[in-house]
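Worksheet: one structure, shown below.
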Amino acid sequence: MSYDVVGKNIIRVDGLSKVTGKATYPQDISMDNMLYGKTLRSIKPHAYINVDISKALNLEGVKAVLTAKDVPGKNHHGVLFKDHEVFCEKKVRRIGDPIAFVVAETEEIAENALDKIKVEYDEIEPIFDPIKAMDKDSPKVHDSSNIVYHYKLRQGNIDEGFKNCEKIVENEYKTSRTDHAFLQPEAGISYIDKEGRYAVCVATQYPHYDRLEIAEALGVKEEKVRVINAAVGGAFGGREDITLQIHLALAAMKLKRPIKAVYSRKESFNAHCKRHPLIMKYKTGADKQGNLIALKAEIIGDTGAYASWAINVLRKAGVHATGPYEIPNVEVDSIAVYTNNPFSGAMRGFGATQIPIAHEQQMDMLAESLGLDPLTIRMKNIFTKGSKTSTGQILKESVPLDKCLAEIDKKMNFTQSYKGGVKE
Amino acid sequence: MIKEGIGLGTMFYGTGYGNGFPDVSKAEAVLRADGKVAVHTGATEVGQGAKTAMTQIACEVLGLKVNDIILISEDTSNMPDSGTAAASRQTYNTGNAVKKTCEDLREKIKEEAKLKLNLNTDIGLKLKDGYVYVETLPEKSIALKDLAKDKSLKIKGSFTAQTTEMDPETGQGAPYWPYTFGACAVKVSVDTLTGEVNVLKAVFTQDVGRAINPSLVEGQMDGGFSMALGYALLEDINVDNGKIKNDSFTNYLIPTSLDMIDIDNILIEDPENTAPYGAKGVGEPVMIPVTPAILNAIYDAVKVRITEIPVTPSQVLKELNKSKK
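These protein sequence lines are chains D and Y, in that order.
Counting along the first sequence from 1, when you hit position 180 you're at 547 in this note's numbering, and nothing is skipped either side.
Counting along the second sequence from 1, when you hit position 126 you're at 315 in this note's numbering, and nothing is skipped either side.
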């Protein structure tokens with residue numbers, strides 16, 4: 368079926384404003400009578416804190432120094448668990464945790480005032496290794512166990528499955544902690560609009576959820592908060608969690624003047640989440656013909672100091688742990704763990720990006736040991752229309768992976784260049 | 190010595206929040222007095238092309254041109270909640286909400302036209318280029334702006350994706366829908382003296398259901414490839430005792446245009462019945478098969494299996510030396 372507009376290469380509707388520099392990003396906005404905000408962040412990974420703001424407050428041009436005491440509503444936020452504090456009250460859990468927000472007449476004064484805030488750190492033993500963090504006796508990042516989530520996937524009989532394999536490959540894989548590296552670091556401006564609402568203009572992935580979290584911290588109804596999403600300079604999951612939204616709104620509420628804040632690249636790196644580094648232990652087995660028979664995987668994800676989307680990320684990793692293949696016997700354990708590292712959250716692929724580092728190398732190793740080429744072993748095992756995933760879900764339509772692989776073989780000749788599983 | 194190898198990666202990706210969590214997108218469509226249609230929806234444009242895709246869907250349903258759709262998706266005081274711009278869910282979820290809402294508006298427009306044109310029925314009425322007309326007698330027509338002159342027509346709609354909660358002990362269930370598939374093959378060179386890896390050629394096939402805008406999908410594929418290239422070979426924030434060592438672009442290296450090659454992007458269309466015009470989300474899928482393809486190609490080139498990313502030159506050399514022993 369053909370359509371008039373769908374399927375056509377319409378020029379991106381926001382394209383012209385972006386390539387001509389006319390698009391308005393949050394740091395492009397300035398208002399009359401505007402103040403500037405700067406965030407004081409923890410320099411220790413795990414410590415009780417005592418904060419003295421008196422010297423900073425006395426500095427000329429400083430209008431306010433906000434700390435946990437200045438949060439009229441709930442001093443928390445979080446996309447799933449409310450385990451972040453707007454400002455750390457008693458304890459910091461990572462380097463970069465926000466402790467105070469200075470508001471001043473100029474950016475320079477705000478910056479100078481940060482140095483005048485005295486923070487006493489009473490250090491607690493930190494924990495950086497997610498495997499050690501799972502021990503009962505390890506230091507606790509939050510009040511209870513460091514294990515945030517454990518997803519279990521069970522299908523068939525794993526022990527029987529491995530008994531019936533001709534070849535089994537086992538390996539441990541590790542992925543890195545990466546940043547979204549979006550072009551535009553966090554920035555925003557907050558003011559009280561004509562209707563008396565706390566308006567927060569930022570770049571975010573989910574304006575309605577930001578509104579809810581801002582309202583909860585301000586202790587006002589959602590209708591009293593308005594989030595305006597300016598042009599977003601890339602996101603990739605890094606703008607899911609709150610960064611400066613609540614700080615700005617609190618300042619506007621207290622001072623009744625517009626407040627602007629712009630993060631440097633360095634602060635941006637220290638403010639938003641990272642991709643979960645995963646440790647993946649994989650055992651995969653196939654029969655003589657190359658049909659996958661059994662897969663066992665243990666996946667441990669370091670979510671750092673806060674859960675953010677850890678549950679959803681490790682769940683997605685676990686569900687996708689088999690790769691796009693039908694395997695009758697599967698056992699997957701996917702676990703998210705708190706540590707005192709920078710916190711991990713959403714990033715493009717959400718757990719499903721890390722997993723193929725393991726399952727796709729396993730496939731090639733199996734292929735080589737069985738004398739098959741990489742494409743043929745995949746063709747034997749991929750999902751097709753009517754396949755059941757390892758969670759028991761039926762893929763009833765639109766499963767064109769065979770077409771994807773056939774196109775690739777046409778261009779790259781895997782089946783021809785590998786003979787007996789060994790490349791010429 | 191420079192050695193070359195080829196490698197393959199395949200993937201699947203389940204769209205949406207998942208696990209039975211209500212995955213809802215809302216939209217509102219208003220026929221304005223000037224005959225244009227305003228579509229209000231909270232789908233954030235993060236660069237993925239949400240604004241263009243939503244506009245194209247509304248155009249298709251209402252027979253309008255791109256300039257006749259006013260998309261409002263920036264201000265919470267002026268748009269309904271359409272969930273987050275993540276989990277590759279906007280085209281599928283919000284696309285469905287926009288399509289459904291515009292379809293309801295189209296029916297309402299036909300009903301009004303029936304009254305204004307003194308027709309017995311709205312059967313056989315068609316919307317095109319700002320007019321409603323009887324298909325078998327095109328002179329019998331009325332402009333949308335004349336319909337909206339004394340009465341604005343407004344429709345609200347929503348869409349909820351079908352997912353179920355998984356069993357806590359066995360993980361069995363239907364956690365995501367729909368699933369998107371893809372594969373990527375690359376040819377790399379590995380310098381056994383310096384450990385440097387370069388990608389020389391890539392063929393990238395992406396299931397899209399149906400592409401709302403093929404150019405924008407290809408843009409996503411290029412972007413996903415470049416991000417995956419960085420993931421495979423360069424990127425690590427390098428945390429030491431809780432401190433990020435690579436916290437600027439001086440030492441946190443990402444691919445530049447000089448690292449990119451021309452990718453042979455191939456869109457595979459196989460429309461999904463529950464999706465708007467069959468379109469599935471591709472924002473995340475386009476990154477997923479690339480990194481494993483690079484890793485497998487490195488093995489093919491130098492016969493060492495590297496299980497930890499990023500594969501920096503020093504790591505390649507370390508593994509090569511290990512394999513010599």
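C-beta: ideal position from N, C-alpha, C; glycine also.
Spatially closest choice to residue i from the options, by CA coordinates
i	options	result
Met476 (chain Y)	D:Arg521, D:Ala719, D:Gln522 and D:Leu737	D:Ala719
Pro644 (chain D)	D:Asn707, D:Lys503, D:Met368 and D:Ser543	D:Ser543
Ser330 (chain Y)	Y:Gly470, Y:Gly472 and Y:Lys303	Y:Lys303
Asn707 (chain D)	D:Asp450, D:Asp496, D:Gln783 and D:Met732	D:Asp496
Pro502 (chain Y)	Y:Phe393, Y:Asn387 and Y:Thr352	Y:Asn387
Val470 (chain D)	D:Asn425, D:Thr758 and D:Met732	D:Asn425
Ile514 (chain D)	D:Ala672, D:Leu762 and D:Pro709	D:Ala672
Gly467 (chain Y)	Y:Gly284, Y:Leu314 and Y:Ser378	Y:Gly284
Leu382 (chain Y)	Y:Gln245, Y:Leu506, Y:Gly252 and Y:Ala274	Y:Leu506
Val255 (chain Y)	Y:Ala227, Y:Asp264 and Y:Val235	Y:Ala227
Tyr518 (chain D)	Y:Leu336, Y:Gln504 and Y:Glu354	Y:Glu354
Lys297 (chain Y)	Y:Gly196, Y:Ile344 and Y:Ile450	Y:Ile344
Ser635 (chain D)	D:Tyr705, D:Arg408 and D:Ser369	D:Arg408
Lys485 (chain D)	D:Lys499, D:Thr545, D:Ile420 and D:Gly528	D:Ile420
Trp366 (chain Y)	Y:Tyr281, Y:Thr480, Y:Lys511 and Y:Gly194	Y:Tyr281
Thr689 (chain D)	D:Val680, D:Gly716, D:Ser711 and D:Glu727	D:Glu727
Burial state of residue i (16 or more Cβ within 10 Å)
i	result
Phe750 (chain D)	buried
Ser214 (chain Y)	buried
Val386 (chain D)	exposed
Gln572 (chain D)	buried
Thr651 (chain D)	buried
Glu490 (chain D)	exposed
Gly586 (chain D)	exposed
Asn462 (chain Y)	exposed
Glu537 (chain D)	exposed
Gln721 (chain D)	buried
Lys663 (chain D)	buried
Asn485 (chain Y)	buried
Other residues of its chain near residue i: CB distance less than 6 Å, five sequence neighbours each side excluded
i	result
Asp257 (chain Y)	Lys225
Ala372 (chain Y)	Thr199, Thr394 and Pro478
Asn417 (chain D)	Glu487
Under 9 Å from the C-beta of residue i: neighbouring residues of chain Y
i	result
Val766 (chain D)	Phe201, Tyr368, Phe370, Asp396 and Asp459
Phe636 (chain D)	Ile426, Ile433, Asn435, Asp436, Ser437 and Tyr441
Val599 (chain D)	Thr233, Glu234, Val235, Gly236 and Ala274
Chain D contact residues for residue i, given Cβ-Cβ distances below 8 Å
i	result
Ala374 (chain Y)	Ile775, Lys778, Met779 and Phe781
Tyr488 (chain Y)	Gln728 and Asp731
Val255 (chain Y)	Val372, Ile377 and Val380
Beta-carbon proximity list for residue i, same chain, < 8 Å, skipping 5 on both sides
i	result
Thr610 (chain D)	Glu553, Tyr630, Ala638 and His639
Ile426 (chain Y)	Ile433, Lys434, Asn435, Asp436 and Tyr441
Asn267 (chain Y)	His229 and Ile261
Within chain D, partners of residue i - CB distance below 9 Å
i	result
Ser415 (chain Y)	What Ser415 (chain Y) touches in chain D: nothing, since even the nearest Cβ is about 11 Å away.
Lys240 (chain Y)	Arg379, Val380 and Asp381
Chain D residues whose Cβ lies nearer than 7 Å to that of residue i
i	result
Glu296 (chain Y)	Here the premise fails: no neighbours, minimum Cβ distance about 19 Å.
Ile455 (chain Y)	Glu774
Met355 (chain Y)	Thr758
Lys432 (chain Y)	Ile462
Residues of its chain near residue i, where Cβ-Cβ distance is below 7 Å and the 5 sequence neighbours each way are ignored
i	result
Phe549 (chain D)	Gly600, Gly601, Ala602, Phe603 and Gly605
Gln409 (chain Y)	Gln237, Val471, Gly472 and Val475
Asp448 (chain Y)	Leu418
Per-residue contacts from residue i into chain Y (C-beta, under 7 Å)
i	result
Thr391 (chain D)	By Cβ distance, chain Y contributes nothing, its closest Cβ being about 10 Å from Thr391 (chain D), past 7 Å.
Ile366 (chain D)	This structure does not reach residue 366 (chain D), given that chain D is present from 368 up to 791, and the question cannot be answered.
Val372 (chain D)	Gln245, Cys248 and Glu249
Cys771 (chain D)	Phe370, Gly371, Ala372, Thr394, Asp396 and Ile457
Leu762 (chain D)	Tyr368
Lys633 (chain D)	Asp436 and Ser437
Proximal chain Y residues relative to residue i, where beta-carbon distance stays under 8 Å
i	result
Leu742 (chain D)	Leu197
Ser784 (chain D)	Ile195
Pro709 (chain D)	Ile426, Val428, Gly431 and Ile433
Residue i beta carbon near the ligand FAD (any heavy atom closer than 6 Å)
i	result
Asn430 (chain Y)	In terms of ligand content, the structure shown is empty, and the ligand FAD therefore cannot be addressed.
Name, going along the chain, the residues of the segment 570 to 593 of chain D whose beta-carbon falls closer than 9 Å to a beta-carbon of chain Y. Residues passing the 9 Å Cβ filter: Ala570, Thr571, Gln572, Tyr573, Pro574, His575, Tyr576, Asp577, Arg578, Glu589, Glu590, Val592 and Arg593.
May I ask you to list, following chain order, the residues of the segment 513 to 528 of chain D that have a beta carbon less than 7 Å from some beta carbon of chain Y? Listed by position along the chain: Tyr518, Lys519, Leu520 and Arg521.
Tell me which residues of the segment 684 to 699 of chain D have at least one Cβ-Cβ distance to chain Y shorter than 8 Å, keeping chain order. Against chain Y - using a Cβ distance shorter than 8 Å - the residues of the segment 684 to 699 of chain D are Gly685, Val686, His687, Gly690, Pro691 and Val699.
Interface positions of the segment 526 to 558 of chain D facing chain Y (Cβ-Cβ less than 7 Å), listed along the chain: Flagged, chain order: Asn538, Glu539, Tyr540, Lys541, Thr542, Ser543, Arg544, Thr545, Asp546 and Ala548.
Residues in the segment 602 to 616 of chain D having any Cβ partner in chain Y nearer than 7 Å: Taking 7 Å as the Cβ-Cβ cut-off against chain Y, the residues of the segment 602 to 616 of chain D that qualify are Ala602, Gly604 and Glu607.
Interface residues of the segment 490 to 506 of chain D facing chain Y [CB-CB below 9 Å]: Within the segment 490 to 506 of chain D, the residues whose Cβ lies closer than 9 Å to some Cβ of chain Y are Pro493 and Phe495, listed in chain order.
Taking only beta carbons into account, state which residues of the segment 202 to 215 of chain Y come closer than 9 Å to chain D, listed in chain order. Here the close residues are Tyr202, Gly203, Tyr206, Gly207, Asn208 and Phe210.
Give the residues from the segment 400 to 413 of chain Y that approach chain D closer than 8 Å (Cβ to any Cβ), ordered along the chain. Taking 8 Å as the cut-off between beta carbons, the residues of the segment 400 to 413 of chain Y near chain D are Ala400, Ile401, Asn402, Pro403, Ser404, Leu405 and Gly413, in sequence order.
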